[in-house]
Structures are given as C-alpha cells and as structure tokens.
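Asks: Going by UniProt numbering, the first residue of the sequence shown is number 1, and it counts up by one from there.
Just passing along the structure, written as structure tokens.
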Amino acid sequence: MNDLSYLSASDGVRIAYRLDGAADRPVLVLSNSIGTDLHMWDAQVAQLARHFRVLRYDTRGHGASDVPAGEYSLERLGRDVIDLLDALHIERTHFLGLSLGGMIGQWLGVHAGDRIDRLILSNTSAYLGPAEQWAERIASVLGVGDMTDTAEMFLGNWFPAAMREANGPAIQAFRGMLLATDPRGLAGNYAAVRDLDMRQALDRVSRPTLVIAGRYDTVTLASHGEAIAASVPGASLLVLPAVHLSNVEYPAEFISAVLGFLLGRASIA
C-alpha cells in the first residue's frame with residue numbers, strides 16, 4: 001500500500017496521492033482526518049474501487065506530503081484538492097471527507113461546486129470555536145518533544161474505551177499514523193480549523209450531499225452534523241452509534257451508506 005505519486009500544488013508544496021480502481025470509472029476523492037494519512041481509508045478502498053477510481057491523498061502536513069512551516073488556511077487545503085484534480089485532468093469527482101476532510105469538503109461544495117458531483121461530509125463541523133482554544137493547542141503541540149501523549153489524546157477522542165483497551169490492529173494503525181505526524185503539520189492544520197466558519201455559507205452548496213455523524217462523537221458533535229444537514233439544501237443525514245471515526249468503528253454500515261448514496265441505490269433516512 002505504498003505506491004504513492006506526488007504533485008506540486010500551486011504554491012510549490014508537494015502532495016502525496018494514490019489511485020486505486022479502473023481508470024474508466026467515476027472518480028471518488030477521499031480526504032483524511034487531522035492526525036492521519038490516506039491509509040485511514042485502507043479498509044474501505046477495496047469495496048469502493050469496485051465502483052470508482054479512488055483518489056486518496058495526504059493532506060498537507062500529513063503522511064508523505066510536505067509539511068510547510070506556519071499556519072494553513074481552509075482555502076489552501078481546498079485548493080490542494082483542485083490542484084490535484086487539475087494535474088490529473090479530472091473535471092468532476094465525488095468527494096468523501098471525514099473530520100478535517102469534511103471541512104475541506106464543505107469549502108469545495110461552496111467554492112468549487114462545479115468540480116463536485118456528490119458530496120459526503122462525515123463526522124465534521126462547520127464551526128469549532130472559540131479561536132482561543134486553538135491558540136492554546138497550537139502552542140502546546142509545537143512545544144512537544146514527541147507525539148506520544150498527543151497520540152493517546154486523539155485516540156481517546158476517536159474511539160470508544162473498549163476498542164482502545166483491546167488495542168487491536170485498527171488502534172495500532174491509527175496510533176502509528178499519529179506518532180508519525182509532524183507536530184508542525186498538526187499545528188498548521190489546527191490553524192485552518194481555528195479559522196473555520198462555514199455556517200453562513202452552506203446554503204450555497206448545490207450538490208447532492210450526505211452528512212454522516214457519530215452519536216457519541218465528542219469532537220464533531222452529532223448536533224454539528226445535524227446543523228450541516230439542515231443548512232445544505234436537500235442534504236440527507238445518517239447518525240451512526242459511533243464516536244469519531246465512523247468508517248473504522250462501523251465499517252459495514254458506513255460503506256453501505258456511502259455506496260448507497262453515491263450509486264443512487266438507496267435513500268438515507
């Protein structure tokens with residue numbers, strides 16, 4: 001699973017990406033959460049690639065992508081996706097983003113709807129203020145010697161206690177992604193989350209949209225997903241009995257909802 005390619009975004013930052021599935025299929029972009037990389041989707045790719053040309057990438061500051069110094073903006077993260085589509089000559093794509101990836105998806109839905117076919121926003125928020133808490137987190141993560149404590153904090157926010165205590169392969173994989181994350185990349189993306197406020201813009205999303213929320217999510221609350229679904233015209237909402245990483249905790253239900261929505265095979269209640 002290390003067959004990566006690279007492109008230079010319009011500001012010169014190198015972005016790592018991977019393609020799976022037949023070249024003649026519709027494209028589906030998968031966008032990772034903060035603190036992970038494109039491998040957060042490993043368990044879903046085989047099923048998705050039966051129907052789509054799956055394009056995964058490491059958000060700047062993560063994985064094998066460059067880690068530019070300083071703060072990142074949501075617009076810059078969204079333009080990285082557009083740069084990727086342009087470089088690969090992809091005119092339109094479905095888009096599935098979770099957490100930070102869902103924030104990027106919101107930006108694309110508002111500002112680049114002509115490039116999006118169907119949009120899935122999973123375990124995400126339109127606003128995660130106040131800004132002061134993010135200033136503290138940025139300072140804290142930039143001051144850490146290693147990512148050990150930060151990784152355990154994230155795992156505590158992402159998974160139920162029973163999964164963490166069992167310490168199975170999924171927990172170990174996500175711990176590995178967190179430990180490999182450069183603190184500067186985490187801080188840069190924290191700044192994008194700090195400045196996020198899409199609440200007054202979501203009524204401009206014109207693409208068919210599915211919102212997935214976790215009933216027990218303490219990061220991007222289920223109420224945040226409900227608010228997004230209420231703001232995007234015609235959006236559907238699915239609430240799973242999950243914490244934050246719905247694709248990992250409830251993989252069968254997650255993939256069923258995603259495929260049903262993208263393929264038009266089922267309605268989401």
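Glycine is no exception: its CB is placed at the ideal position from the N, C-alpha and C atoms.
None of the values given here were measured: they were computed from a predicted structure.
Any idea which residues DSSP pairs residue 214 with across the strands?
Replies: 240
Asks: Indicate whether the contact test is met: 3 or more Cβ pairs, each with one atom in the segment 21-28 and one in the segment 155-170, closer than 8 Å.
Replies: no
Asks: Taking the alpha carbon of residue 57 as the point to measure from, which residue in 70, 188, 34 has its own alpha carbon closest?
Replies: The shortest C-alpha separation from residue 57 is found at 34.
Asks: With a cut-off of 8 Å on the beta carbons, I'd call residue 234 and residue 211 a contact; round off their distance for me.
Replies: The C-beta distance from residue 234 to residue 211 rounds to 11 Å, too long to fall under 8 Å, and the pair is not in contact.
Asks: Does the beta-carbon of residue 27, which I'm using as the reference point, lie nearer than 8 Å to any heavy atom of the ligand HEM?
Replies: No copy of the ligand HEM occurs in the structure displayed, which carries no ligand at all.
Asks: Less than 9 Å between the C-beta atoms of residue 174 and residue 155, yes or no?
Replies: yes
Asks: Mind pulling the beta strand (DSSP E) runs of 3 or more residues that sit fully within the segment 151-216?
Replies: 209-214
Asks: What's the gap between the Cα of residue 200 and the Cα of residue 250?
Replies: 31 Å
Asks: Check whether the Cβ atoms of residue 125 and residue 196 lie closer than 9 Å to each other.
Replies: yes
Asks: In whole angstroms, what is the alpha-carbon distance linking residue 268 and residue 227?
Replies: The predicted position of residue 268 is uncertain, since its pLDDT is 43 and thus under 50; a value taken from the coordinates is nonetheless stated next. One C-alpha to the other measures close to 17 Å.
Asks: Just to confirm before moving on: does the CB-CB distance between residue 76 and residue 93 stay below 9 Å?
Replies: no
Asks: If you count every other CB in all the chains shown that lies within 10 Å of the CB of residue 153, and 16 or more means buried, which is it?
Replies: exposed
Asks: Are there 16 or more other CB atoms within 10 angstroms of the CB of residue 208, so buried, or fewer, so exposed?
Replies: buried
Asks: Just to confirm, are residue 105 and residue 97 a CB contact at a threshold of 9 Å?
Replies: yes
Asks: Would DSSP call residue 34 helix, strand or coil?
Replies: coil
Asks: Relative to the alpha-carbon of residue 203, which residue among 42, 13, 232, 216 has its alpha-carbon at the smallest distance?
Replies: 232
Asks: I need the boundaries of the beta strand (DSSP E) containing residue 137, first residue and last residue.
Replies: Here residue 137 belongs to no beta strand (DSSP E); instead the alpha helix (DSSP H) covers 131-142.
Asks: Among 45, 136, 50, 120, which residue has its Cα nearest to the Cα of residue 229?
Replies: Ranking 45, 136, 50, 120 by Cα distance to residue 229 puts 120 first.
Asks: Straight-line CA distance for residue 4 to residue 79?
Replies: 20 Å
Asks: DSSP on residue 259, reduced to helix/strand/coil?
Replies: Here DSSP, grouped into helix, strand and coil, assigns residue 259 to helix.
Asks: Taking C-alpha atoms, which residue in 18, 69, 68 lies nearest to residue 49?
Replies: 18
Asks: Within the same chain, show all residues whose beta-carbon is closer than 7 Å to that of residue 147, passing over the 5 residues directly before and after it, in chain order.
Replies: 178, 179, 181, 183
Asks: Quick one: grab the DSSP three-state call for residue 14.
Replies: strand
Asks: Just to confirm before moving on: does the CB-CB distance between residue 257 and residue 214 stay below 9 Å?
Replies: no
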